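Okay, so here's the structure we're looking at.
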Ligand SMILES: [Zn+2]
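In my numbering, the protein residues as written are -19 to 159.
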């Protein structure tokens, strides 16, 4: 076993475990499925990224409890243990793009036709150069889109989904409904 931390070091170690049992593999930290730098144990581990790049690490504790950590493809940083992958991805963005939690949240583009206008509007509302630096795009979650998705922001960063705030029904409307 190695004590080296960081997504690159852990994934390198993981890909040396080709003959290991399924149990050992599941209990070893490796980059989460579909997240930046992901490979199976037979793959080639990623090279260090030129800038801080968010990803996740995952392993199974005991029989069934999955654990996640935010991690970075450029350095050895790792976040705290999290029971949910999306929370680990958010931790990773606190490391790679501090301040992302205050960025405006948008609805998804209205369709192919309005995409260009939408993108222009979104880019104007975000700090200059943010997407080119691999920054995330915040979107409202939809029933079919709520898992944070790598590569879905305009510059290749993550789309990070947020729940839409519940609209409280104004009292006068409630009364009207009752009548
Ligand atoms: Zn980093």
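In this text, a Cβ means the ideal position worked out from N, Cα and C, and glycines have one as well.
Owing to the predicted nature of the structure, the values given are computational and were not obtained by experimental measurement.
Q.
Going by the DSSP bridge assignment, what does residue 10 pair with across the sheet?
A. If you number the chain shown from 1, residue 10 lands on position 30. BP columns for residue 10 point to 38.
**Q.** Same chain, Cβ closer than 6 Å to residue -15, neighbours up to 5 away in sequence not counted
**A.** Within the chain shown, numbered from 1, the residue matching residue -15 stands at position 5. By the criterion of a C-beta distance shorter than 6 Å, residue -15 is surrounded in its chain by 56 and 58, once the five residues flanking it on both sides are discounted.
**Q.** Beta-carbon proximity check, residue 80 vs residue 116, cutoff 9 Å
**A.** On the chain shown, position 100 is the one that residue 80 refers to. On the chain shown, position 136 is the one that residue 116 refers to. Yes, these two residues count as a Cβ contact at 9 Å.
Q. Is residue 113 near ligand 2, with its Cβ less than 8 Å from a heavy atom?
A. Within the structure as shown, ligand 2 is missing, the only ligands being ligand 1.
Q. Per DSSP, what kind of secondary structure is residue 5 in: helix, strand or coil?
A. Residue 5 sits at position 25 when you count from the first residue of the chain shown. Looking at residue 5 - three-state DSSP - the assignment turns out to be helix.
Q.
Between which residues of its own chain and residue -12 is the CB-CB distance below 6 Å, once the five residues before and five after are set aside?
A. Counted from its first residue, the chain shown places residue -12 at position 8. 28.
Q) DSSP three-state call for residue 62: helix, strand or coil? A) Here the question's residue 62 lines up with position 82 in the chain shown. Three-state result, residue 62: strand.
Q: Starting from the C-beta of residue -3, find all residues in its chain whose C-beta is less than 7 Å away, skip the five residues before and the five after it, and write them out in chain order.
A: The residue given as residue -3 occupies position 17 in the chain shown. Once the five neighbours on either side are set aside, the close Cβ partners of residue -3 are 4, 5, 8 and 21.
Q) Which residue comes first and which comes last in the alpha helix (DSSP H) that contains residue -6? A) Taking the chain shown and counting its residues from 1, one reaches residue -6 at position 14. Taken as a continuous stretch (DSSP letters only), the alpha helix (DSSP H) holding residue -6 covers -13 to -6.
Q: Please list, in chain order, all residues of the same chain as residue 132 whose beta carbon is under 6 Å from its beta carbon, the five residues on each side excluded.
A: For this step, residue 132 is matched to residue 152 along the chain shown. Here the set comprises 139.
Q) Would you say residue 35 and residue 12 are within 9 Å of each other, going by their C-beta atoms? A) Your numbering for residue 35 matches position 55 in the chain shown. Your numbering for residue 12 matches position 32 in the chain shown. Against a cut-off of 9 Å, the Cβ pair of residue 12 and residue 35 comes out as a contact.
**Q.** Where residue 118 falls: helix, strand or coil (DSSP)
**A.** As a position in the chain shown, residue 118 is number 138, starting the count at 1. DSSP places residue 118 in the strand class (E or B) of the three-state scheme.
(Q) Between which residues of its own chain and residue 98 is the CB-CB distance below 7 Å, once the five residues before and five after are set aside? (A) Indexing the chain shown from 1 puts residue 98 at position 118. The beta carbon of residue 98 sits closer than 7 Å to the beta carbons of 89 and 90 from its chain, once the five residues preceding and following it are set aside; these are given in chain order.
Q | Check: residue 75 C-beta below 8 Å from any heavy atom of ligand 1 | A | Here the question's residue 75 lines up with position 95 in the chain shown. True, at least one ligand heavy atom lies under 8 Å from that Cβ.
Q) Would you report the Cα separation of residue -9 and residue 75, rounded to the nearest angstrom? A) In the chain shown, counting from the first residue as 1, residue -9 sits at position 11. In the chain shown, counting from the first residue as 1, residue 75 sits at position 95. Taking the straight line joining both Cα atoms gives about 19 Å.
Q) Got a sec, what are the start and stop residues for the beta strand (DSSP E) residue 140 sits in? A) As a working note, residue 140 is residue 160 in the chain shown. Counting along the chain, the beta strand (DSSP E) containing residue 140 begins and ends at 139 to 142.
(Q) On the CB-based measure, 16 or more other CB atoms within 10 Å of its CB, does residue 159 come out buried or exposed? (A) Here residue 159 refers to the residue found at position 179 of the chain shown. Note that residue 159 scores 44 on pLDDT, short of 50, meaning its location in the model is unreliable and no value can be drawn from it.
Q: Kindly confirm or deny that the segment 37 to 54 and the segment 100 to 113 touch, where touching means at least three C-beta pairs closer than 8 Å.
A: no
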